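Heads up, the thing below is written out as C-alpha cells.
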Amino acid sequence: MKRNKVKLFGDGEIEFYIDEENKDNIIDFLDEKGMDKLRHIFSRICNGKQPPKDVYSQENYDKNIKDVTAIKFKGTFNNARIYCKDYGKNKPRIIEK
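Using this note's numbering, the letters of the sequence shown correspond one by one to residues 1 to 97.
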C-alpha cells in the first residue's frame, strides 16, 4: 500500500520525508530536543559522514526487509526508534519514515 509523504527537510541531494498520516504524531514525538538530534544526524549524512551506529544504523532483522534504518533516541526518549527506508541509490537520496 503506497502512502503519502511530506518533506520534513532536505538540501536537494538528500531529502527526509515523513508519513503524512502520522506527521503530527511524529513531530509531537520529536519535540525540540528530538528534532535537534534528527537534524544533527541528517547534517552528518549530508556532509558524507556516517552517523554513529548507536544513533543511526540498519536493522534488517528479516531477510525480506532491506535498507531499513533505525534512528535511535536515547535518554528521555526511553530508547525509542524511528524506522525509515533509505533510498540511497536514487538521486536525490530519499530517507522516508
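The C-beta atom is built at its ideal place from N, Cα and C for all residues, glycine as well.
Everything numeric in this text was worked out from a predicted model, so none of it was measured.
**Asked** Heavy atom of the ligand MN less than 7 angstroms from the Cβ of K53, yes or no?
**Response** The ligand MN is absent from the structure shown, which contains no ligands of any kind.
**Message:** Quick check on T69: buried or exposed, where buried means 16 or more other Cβ atoms within 10 Å of its Cβ?
**Reply:** A buried status is given to T69, since no fewer than 16 other beta-carbon atoms sit within 10 Å of its beta-carbon.
**CB of I14 within 8 angstroms of CB of C46, strictly** = C46 is positioned such that its CB atom lies closer than 8 angstroms to that of I14.
**Request:** Note the first and the last residue of the continuous beta strand (DSSP E) segment covering E154.
**Result:** The structure shown does not extend to residue 154, since the chain is modelled only from 1 to 97, so the question has no answer here.
**Asked** How would you call Y56, buried or exposed, if buried means at least 16 neighbouring beta carbons within 10 angstroms?
**Response** The residue in question, Y56, is buried, as its Cβ has 16 or more Cβ neighbours within 10 Å.
**Request:** Have a look at the DSSP bridge pairing and note the partners of K5.
**Result:** Bridge pairing for K5: D19 [DSSP].
**Request:** For G34, collect the residues of the same chain with a Cβ closer than 7 angstroms to its Cβ; drop the 5 residues on either side in sequence, then sort them by chain order.
**Result:** The residues are F73 and F77.
**Asked** Is K85 near D67, with beta carbons less than 8 angstroms apart?
**Response** Yes, they are a contact pair.
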